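For reference, the structure discussed in these notes is given below.
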Amino acid sequence: MLEVRDVTFAYERSARPVLAGVSLVVAPGELVAVIGPNGSGKTTLLRLMRGLLRPQRGEILWEGKPLGHFSPRELAQRFGVVLQEPKLGFPVTVFEYVLHARFPYSNGFGFESEEDRRIALSALRLTRALELKDRWLTELSGGERQRVVLARALAGEPRALLLDEPTANLDVRFQVEMLALIRRLARERALSAVFIAHELNLVAEFADRVLLLKDGRAIAFGPPHDVFTEEKLRQAFEAEFLVDHHPLSGAPR
């Protein structure tokens, strides 16, 4: 279980907090979306949950223990991360890039075992990216790269997934397929999954719970039916919304 308890964070101690008093819990098997306008603190919250930043107040816990109690290697084994733009230090093929997710499990004398290769290929197959395995990562389209980055996260066999706009640069079909896959994997593998998103209709359809942020504060946290109200969306985005329900799924839209 991933838990954020009353977290406040500012990049400079004298500066206005980027996040103030934010709390949420992500249970195993649960998919939680973080939404809000630009500058509301979504990406900072994700970085805090990755252990890259430390809050000035409050704490972030994994299975009841503060993240600071885990080594970087232990965090890498527990958290799979999907970023919009992966950082590359040198040219790599797709397969090499995904295989590198097995490094936290290596003994320091090489990690390309047959089991590692099997896991990497399985992850590529899951995200419909197996046909890309021999291509250079830098040659991929944005949508292809997103599927490969998700495959790398899965190849690490994590217990939690942290995803920064996993549907960015995907067409509508692949947006739906991507979130359906993430939700299915969260449930089948008991993963605690958190994703940042801007596509509100997709969030309402796929997320189990939603955190709505505005200026670093939580306006609401709960099931989509409780969060997606015209009043709360207007308060967060400073725009008018008309909310009804999907005729087939019943989800707000």
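Reminder that position 37 of the sequence shown reads as 675 in this note's numbering, one-by-one numbering, no gaps.
Backbone N, C-alpha and C fix where the C-beta goes; we use that ideal spot for every residue, glycine too.
For clarity, every value in this text was computed on a predicted model and none was experimentally measured.
- Taking C-alpha positions only, P655 is separated from P693 by approximately 10 Å.
- CA-to-CA, the gap between A798 and R740 works out to about 16 Å.
- Nearest to A758 by C-alpha distance, out of R790, Q813 and T776, is R790.
- Apart from the 5 residues on each side of it in sequence, A842 sits with its Cβ closer than 7 Å to the Cβ of P862, F866, A889, P890 and R891 in its chain, given in chain order.
- Sequence-distant Cβ neighbours of L662 in its own chain, meaning closer than 7 Å and more than five residues away, are V642, V670, L849 and F859.
- When the alpha-carbon of I857 is set against those of L840, E701 and K680, the nearest one is in K680.
- A Cβ-Cβ contact shorter than 8 Å links V732 with R773.
- The distance from the Cβ of P796 to that of G689 is about 13 Å, inconsistent with a contact at the 8 Å cut-off.
- Listed in chain order, the alpha helix (DSSP H) elements of length 4 or more contained wholly in the region 846-889 are 862-865 and 868-875.
- Per the C-alpha coordinates, the member of A818, G706, E701 and P804 positioned closest to L686 is G706.
- Where S661 is concerned, the enclosing beta strand (DSSP E) starts and stops at L657 to V664.
- A835 sits away from E668, with the two beta carbons spaced by 8 Å or more.
- Only exposed fits V810, as fewer than 16 other CB atoms lie within 10 angstroms of its CB.
- If you keep only unbroken alpha helix (DSSP H) runs of at least 4 residues inside the region 709-788, you get 710-716, 732-737 and 752-764.
- In the DSSP annotation of this structure, the continuous segment of the alpha helix (DSSP H) that includes A842 starts and ends at L838 to F844.
- Judged by DSSP secondary structure, T681 falls within the alpha helix (DSSP H) whose first and last residues are K680 to M687.
- Of the candidates L840, V660 and E723, the residue whose Cα lies closest to the Cα of T776 is E723.
- In chain order, P742 place their CB closer than 6 Å to the CB of A714, counting only its own chain and leaving out the 5 sequence neighbours on each side.
- DSSP places A818 inside the alpha helix (DSSP H), whose first and last residues are V810 to E826.
- Taken through DSSP and simplified to helix, strand or coil, G706 comes out as helix.
- Per DSSP, the unbroken beta strand (DSSP E) holding E641 starts and ends at L640 to F647.
- Note on E803: 16 or more other CB atoms within 10 angstroms of its CB, so buried under the neighbour-count rule.
- Within the same chain, P675 come within 7 Å of F875 by CB-CB distance, once the 5 residues on both sides are set aside.
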